[in-house]
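K.L.:
The structure follows.
Numbering (the numbering used here), first residue to last: 2 to 558.
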C-alpha cells in the first residue's frame, strides 16, 4: 500500500507537545526552567515520538498571567535564557527532526509594554491608536467577561487621559487595535522575526477575540477581520511554505469553519477540536460512547489542506462551555465535584489521571482514542507520565506544575531549593515519588511506554491522519468504532467506554472470509465472516486498532 504524501503538509502526521519553558527543566540551577534545560531534554521528546514542540510564551513579562502579559515581543525572558539559548534549542530540535512553534499572543500586551506606556501618556501619543479607547464603554461593544472571578468589566478607566481602554482579559492586558494598519504590520514583523530564528509557525491565542471589532469607532468601515487572518496566512506562506497557524477557536463547528477561510482554506491551517474534546468527557462521565460519536458525525471536514488538532488536555482550564448546563453538571459530578476543582463555572482545573482515579486501563484507552481519531494529536507536558494537578495553586496554574523527571524533593526539575521554583511540585499520590519519567522509562507497562508506542503506530498508519472518517455501528452504546480510509488502506479503531467486557459487531461490506483483521497495538487477529461481519471482543476500557489484511498475506501465529 502506498499513500501520497506531501512534504510541506508535515502537520498532518505531526505529534505536537506543548510545554512551558519555565516549568519543564532548569538547566542553570536557579530554580526556574530555561532553554538550556529544555535543550538537555530534547532526546527524551525524540524518544517519545514528538515531532513538533509548541512553546508557551517565553517573552519578557511581569508574569502576572503566566507570561501571556508580554512587554517585548522580540525577546526572551531573562529568567529563561537568551536569544542565543533559544536559537541553540531550535537548532537541536531540528537536528532531531522536530519543528518548533510558539504562542502568538497579539490580541493584547502587558500594561507595562512600552507601546501602552506611550499610548496612555496622552491622546496624541505615537501609539495611542494601537489600542482601543472610548469616552464611555459603548453599549454595542463586546460582551462577556473571560475571567469572571477577577474582572467585572471589559473596559478600564485611565485617569491620565480620561478615557476607557478595552481589555477582553485582565485589566493589566489592554487589547491591541488589530484594525490599525500599523499594528497589523508590527504583528507581521513579529512573526517574521521568530521565523527567521527557526520557528515553523505559531499557535494563535484566542483568535475570535483578536478579530472582534464590535463597539470600535467606525466599525462598519473597518476591514473584514477574516481578510486580516488571510493576510497573516499569506505572509507566513511567503516566508515559509511549510509554516503552520494553529488556532485557538472555541466555537461550535459551524462557526469554527469560518476561521479556516471557508472553501479557500486560506486562513488558519489547523483548529483545535474543542467540541469533540468536551463531548469525549461527557462520554467518559456517562461511560457510553454516544456523545462523542454524535460529535464526530457532525464534525465538518476542514477545507483543502486544513486539519483538526485533537487533544485530551490543554494548558488552560478544561473548558466545558460547549456542553449544556445539565451535561456540564454531569461532568462536574463525575470528575470535579468539589468547588475548588472547578473554574469560572465552565470548566475543570484538573488533569486526567486524578479524574479517572489513576485507572491505568481507562487512561490508556483515552490516549489510544486521541491517537486514532483523525487529526493531529496534541499532548500537554506531563500527560505522557500521568502527572496530576496541584489544587493548592491558583486558577489554571493547578495544571502548570514543574515537570516530574525523577523521584525526590525537586522532582529532577531543578537542584535548587524548591521554594525558588515557579510553582510547587505535586505531592501525594501523583507526586514524583510515584509518578516520574525515570521510573516509567524502562517499564513496558507504563503510561510513558504506552504513549511512545501509540506515537509509533500513529505514524506507521497514515490513514489515521490522512483518511476519511466513518463512524461504525457496533450494536452497543458502550463502544465507539470508527474507520479511517484512504487510497485503499483502512484502519478500524474500537474503544470501550465501559468497565465491562463487551462484544462489538462490525459490518465491513467490502470484506469477506478471505480477509482477517490484524491487531496493530498487540498481537492477534479477528475473523471476518463471508458477509463482511466481524465480532470484536474488548475488555473493560479496552481498545483495539485493526487493519484488514488478505488472509494469505497475514503473518502466521
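In this text, a Cβ means the ideal position worked out from N, Cα and C, and glycines have one as well.
When you compare only the Cα positions, how much space is there between residue 546 and residue 41?
P.N.:
Taking the straight line joining both Cα atoms gives about 34 angstroms.
K.L.:
Measure the alpha-carbon distance for residue 317 versus residue 238 and round it to whole angstroms.
P.N.:
Rounded to whole angstroms, residue 317 to residue 238 spans 29 angstroms at the Cα level.
K.L.:
State buried or exposed for residue 462, treating a residue as buried only when at least 16 other CB atoms are found within 10 Å of its CB.
P.N.:
Label assigned to residue 462: buried.
K.L.:
Kindly indicate the opening and closing residues of the beta strand (DSSP E) around residue 493.
P.N.:
Note, residue 493: beta strand (DSSP E), 490-497.
K.L.:
So, with DSSP's three-state summary, where would you put residue 431?
P.N.:
Of the three classes helix, strand and coil, the one that applies to residue 431 here is helix, per DSSP.
K.L.:
Considering only DSSP beta bridges, list what residue 516 is partnered with.
P.N.:
Answer is 551.
K.L.:
Provide the residue span of the alpha helix (DSSP H) that contains residue 210, from first to last.
P.N.:
Looking at the DSSP string, the run of the alpha helix (DSSP H) that includes residue 210 is 208-212.
K.L.:
Buried or exposed for residue 267, please, with buried defined as at least 16 other CB atoms from any protein chain shown within 10 angstroms of its CB.
P.N.:
Classification for residue 267: buried.
K.L.:
Tell me which residue opens and which closes the alpha helix (DSSP H) that residue 227 is part of.
P.N.:
From DSSP, the alpha helix (DSSP H) with residue 227 extends over 226-240.
K.L.:
Output needed for residue 231: all residues of its chain with C-beta closer than 7 angstroms, excluding positions within five of it in sequence on either side, in chain order.
P.N.:
Here the set comprises 262, 267, 268.
K.L.:
Once DSSP output is grouped into helix, strand and coil, what is the label at residue 71?
P.N.:
Residue 71 falls in the coil class under three-state DSSP.
K.L.:
Note down, in chain order, each residue of its chain lying with its Cβ closer than 7 angstroms to the Cβ of residue 168, except the 5 sequence neighbours on either side.
P.N.:
Only 109, 155, 157, 174, 175, 176 meet the Cβ criterion.
K.L.:
For the alpha helix (DSSP H) that contains residue 368, what are its first and last residues?
P.N.:
361-373 is the extent of the alpha helix (DSSP H) around residue 368.
K.L.:
Which residues in the same chain have their Cβ closer than 6 angstroms to the Cβ of residue 433, if we skip the five residues on either side of it in sequence?
P.N.:
The answer, listed in chain order, is 405, 408, 412.
K.L.:
Is it buried or exposed for residue 265, if we count other Cβ within 10 angstroms and need 16 for buried?
P.N.:
Residue 265 should be labelled exposed.
K.L.:
For residue 105 versus residue 306, is the C-beta distance shorter than 9 angstroms?
P.N.:
Contact flag unset, no.
K.L.:
Can you name, in chain order, every residue of its own chain whose Cβ lies under 8 angstroms from the Cβ of residue 236, other than the five neighbours on each side?
P.N.:
So the list reads 189, 192, 193, once near-sequence residues are dropped.
K.L.:
Given this structure, state the Cα-to-Cα distance separating residue 478 from residue 403, to the nearest angstrom.
P.N.:
So the two alpha carbons sit approximately 39 angstroms from each other.
K.L.:
Would you tell me roughly how many angstroms separate the C-alpha atoms of residue 76 and residue 91, rounded to the nearest one?
P.N.:
Approximately 15 angstroms between the Cα atoms of the pair.
K.L.:
According to DSSP, residue 204 sits in a beta bridge with which residue or residues?
P.N.:
Answer is 104, 247, bridged to residue 204.
K.L.:
Tell me which residue opens and which closes the beta strand (DSSP E) that residue 54 is part of.
P.N.:
First-last of the beta strand (DSSP E) with residue 54: 53-56.
K.L.:
Ignoring anything shorter than 3 residues, give me the beta strand (DSSP E) runs that lie fully in the stretch 303-372, in order along the chain.
P.N.:
Runs found: 308-312.
K.L.:
Measuring CA to CA, which of 99, 337, 358, 517 is closest to residue 388?
P.N.:
It is 358 whose Cα lies nearest to the Cα of residue 388.
K.L.:
Name the two residues that bound the continuous beta strand (DSSP E) containing residue 378.
P.N.:
Run containing residue 378: 377-381, per the beta strand (DSSP E) assignment.
K.L.:
For residue 537, which three-state DSSP category applies?
P.N.:
Three-state result, residue 537: strand.
K.L.:
How many angstroms separate the CA atom of residue 400 from the CA atom of residue 314?
P.N.:
Distance between the alpha carbons of residue 400 and residue 314: 10 angstroms.
K.L.:
Using 8 angstroms as the threshold, is the stretch 9-23 in touch with the stretch 375-385, meaning 3 or more CB pairs across them?
P.N.:
With a cut-off of 8 angstroms, the stretch 375-385 and the stretch 9-23 count as touching, because enough Cβ pairs lie within range.
K.L.:
Can you list, in chain order, the residues of its chain with a C-beta nearer than 6 angstroms to that of residue 69? Leave out the 5 residues immediately preceding and following it.
P.N.:
Counting only Cβ-Cβ distances below 6 angstroms, and skipping sequence neighbours, we find 58, 106.
K.L.:
From the DSSP output, read off the bridge partner residues of residue 17.
P.N.:
53, 379, per the DSSP bridge assignment.
K.L.:
Can you tell me whether residue 6 is buried or exposed? The criterion is at least 16 other CB atoms within 10 Å of its CB, across all chains shown.
P.N.:
Residue confidence is low: residue 6 scores 42 on pLDDT, short of 50, so the model does not pin down where it sits. Its coordinate-derived value is still stated next. The residue in question, residue 6, is exposed, as its Cβ has fewer than 16 Cβ neighbours within 10 Å.
K.L.:
What residue ranges within the stretch 107-187 form continuous beta strand (DSSP E) runs of no fewer than 3 residues, ordered along the chain?
P.N.:
For the stretch 107-187, whole beta strand (DSSP E) runs of length 3 or above, ordered along the chain, are 156-159, 164-167.
K.L.:
Out of 369, 466, 30, 537, which has the shortest C-alpha to C-alpha gap to residue 522?
P.N.:
Checked all of 369, 466, 30, 537; the closest Cα to residue 522 is 369.
K.L.:
Pick out whichever of 240, 208, 323, 536 has its Cα sitting closest to the Cα of residue 254.
P.N.:
When each option's Cα is compared against that of residue 254, the closest is 323.
K.L.:
Under 7 angstroms Cβ to Cβ from residue 111, same chain only, skipping five residues before and after it: list those, please.
P.N.:
Result list for residue 111: 62, 63, 70, 71, 72, 173, 174, in chain order.
K.L.:
Is the CB-CB distance between residue 278 and residue 311 below 9 angstroms?
P.N.:
Taking 9 angstroms as the Cβ cut-off, residue 278 and residue 311 qualify as a contacting pair.
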